[in-house]
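Written out below as structure tokens is the structure these notes cover.
Number of protein chains: 2
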Amino acid sequence: MSSFENVTVVTKANVYFDGKVTSRTVIFTDGTKKTLGILMPGEYEFGTDLKEIMEIQSGELNVLLPGSSEWISISGEGEFTVPANSKFKLDVKTVSDYICSYISE
Amino acid sequence: MSSFENVTVVTKANVYFDGKVTSRTVIFTDGTKKTLGILMPGEYEFGTDLKEIMEIQSGELNVLLPGSSEWISISGEGEFTVPANSKFKLDVKTVSDYICSYISE
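As you go down the protein sequences, you meet chains A and B in turn. Numbering-wise, the numbering used here comes out as the position in the first sequence, counting from 1, plus 223. Numbering-wise, the numbering used here comes out as the position in the second sequence, counting from 1, plus 223.
Right, dumping it as structure tokens:
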């Protein structure tokens with residue numbers, strides 16, 4: 224069972240799109256941050272501040288990365304990276320479980 | 224900002240009712256466990272193994288505790304306790320954010 228050890232977890236959830244996207248913030252001892260999130264089926268556009276690495280742990284979804292016109296399909300496990308200060312779209316087909324890492328550059 | 228410090232968080236979500244109820248497991252250094260969860264609107268019945276203390280951090284919902292015929296209303300913040308090995312019902316009106324503590328007796 225994969226886990227993050229010796230971390231701080233913010234008790235209150237991050238809630239977006241009427242709760243169809245929610246996440247929990249996890250802070251590591253080195254000060255870096257990840258969120259553990261759930262995506263319900265739907266279409267969403269997100270903006271990034273920092274570079275983000277999105278690891279899909281389970282689910283089925285399509286991703287449109289910034290500057291791209293082709294959707295990437297993920298089914299089961301997958302990963303994609305979004306540059307800082309950009310926008311990306313998700314078309315989520317089934318409930319999806321993700322880890323998002325925020326990367327300061 | 225309230226948080227749990229020096230904890231272990233399981234990376235994969237607990238997913239129930241087609242994702243309308245999801246939670247993350249947090250394990251404390253003393254071995255005790257809590258989950259941080261999201262309830263989407265809907266009606267649910269849950270069963271307990273251990274005694275559970277449910278703290279609602281935000282949301283609007285009604286609770287039917289085991290052996291009771293009267294629904295309790297929670298709006299905003301609230302708390303209720305469910306005995307071990309019992310069933311309770313939730314009628315969730317708005318997206319709700321909870322902390323569930325599992326108590327070994």
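Glycine included, each C-beta is placed from N, C-alpha and C at the ideal position. Model, not experiment: these values are computed from the prediction.
For the beta strand (DSSP E) that residue i lies in, which residues bound it at each end?
{"i": "A:Glu278", "result": "274 to 287"}
{"i": "B:Lys316", "result": "310 to 326"}
{"i": "B:Lys256", "result": "256 to 262"}
{"i": "B:Phe240", "result": "Neither: B:Phe240 is in no beta strand (DSSP E) and is coded neither H nor E."}
{"i": "A:Ser226", "result": "226 to 233"}
{"i": "A:Phe303", "result": "301 to 305"}
{"i": "B:Glu268", "result": "265 to 270"}
{"i": "B:Ser296", "result": "295 to 298"}
How many whole angstroms separate the CB atoms of residue i and residue j, which I take to be in contact at a CB cut-off of 8 Å?
{"i": "A:Asp314", "j": "A:Leu284", "result": "6 Å"}
{"i": "A:Lys312", "j": "A:Leu287", "result": "4 Å"}
{"i": "A:Ser225", "j": "B:Val232", "result": "Actually they are not in contact, since the Cβ atoms of A:Ser225 and B:Val232 sit about 10 Å apart, beyond 8 Å."}
{"i": "A:Ile322", "j": "B:Thr234", "result": "6 Å"}
{"i": "B:Val318", "j": "A:Val318", "result": "That pair is no contact at about 15 Å."}
Quick one: what's got a C-beta closer than 6 Å to residue i's C-beta in the same chain, skipping five residues either side?
{"i": "A:Gly301", "result": "Ile279"}
{"i": "A:Ser281", "result": "Asp320"}
{"i": "A:Phe303", "result": "Met277, Val286"}
{"i": "A:Pro305", "result": "Reading off the sequence shown, one finds Val at residue 305 of chain A, where the question assumed Pro. Excluding positions up to five away in sequence, the list reads Thr271, Glu275, Phe311."}
{"i": "B:Ile297", "result": "Ile279, Leu284"}
{"i": "B:Gly260", "result": "Ser246, Tyr321"}
{"i": "A:Glu266", "result": "Asp314"}
{"i": "A:Thr187", "result": "Lying outside 224 to 328, the shown extent of chain A, residue 187 of chain A is not represented and no answer is given."}
{"i": "A:Leu262", "result": "Val244, Val315, Ser319"}
Please work out which residues of its chain come closer than 7 Å, Cβ to Cβ, to residue i, disregarding the five sequence neighbours upstream and downstream, and give them in chain order.
{"i": "B:Lys332", "result": "This structure does not reach residue 332 of chain B, given that chain B is present from 224 up to 328, and the question cannot be answered."}
{"i": "B:Glu268", "result": "Lys310, Lys312"}
{"i": "B:Ala307", "result": "Thr271, Asp272, Leu273, Lys274, Glu328"}
{"i": "A:Ile250", "result": "Val230, Thr231, Lys256"}
Determine the chain A residues that contact residue i at a beta-carbon separation under 7 Å, and present them in chain order.
{"i": "B:Thr245", "result": "Ile261"}
List, in chain order, every chain C residue whose beta-carbon is nearer than 8 Å to that of residue i.
{"i": "A:Met224", "result": "In the displayed structure, chain C is absent; the protein chains listed are A and B."}
For a contact defined as C-beta to C-beta under 8 Å, what are the partners of residue i on chain A?
{"i": "B:Phe227", "result": "Thr231, Val232, Thr234"}
Who are the neighbours of residue i on chain B, taking C-beta pairs under 7 Å?
{"i": "A:Gly242", "result": "Ile261, Met263, Val318"}
Tell me whether residue i counts as near the ligand GTP, meaning its Cβ is closer than 7 Å to at least one heavy atom of that ligand.
{"i": "A:Pro289", "result": "Summarising the ligand content, the structure contains no ligands, and the ligand GTP is consequently not present."}
Give me the chain B residues within the contact set of residue i, using Cβ-Cβ distance strictly less than 8 Å, ordered along the chain.
{"i": "A:Val249", "result": "Val232"}
I'd like the list of long-range same chain contacts for residue i, defined as Cβ closer than 8 Å, with 5 residues on each side in sequence excluded.
{"i": "B:Ala236", "result": "Thr245, Ser246, Arg247"}
Would you mind telling me which residues of chain B sit closer than 9 Å to residue i, beta carbon to beta carbon, in chain order?
{"i": "A:Val238", "result": "Ile261, Ser281, Val318, Asp320"}
Check: Given 8 Å as the limit, is there contact between the segment 245 to 257 of chain B and the segment 291 to 300 of chain A, that is, 3 or more CB pairs closer than that?
Finding: no
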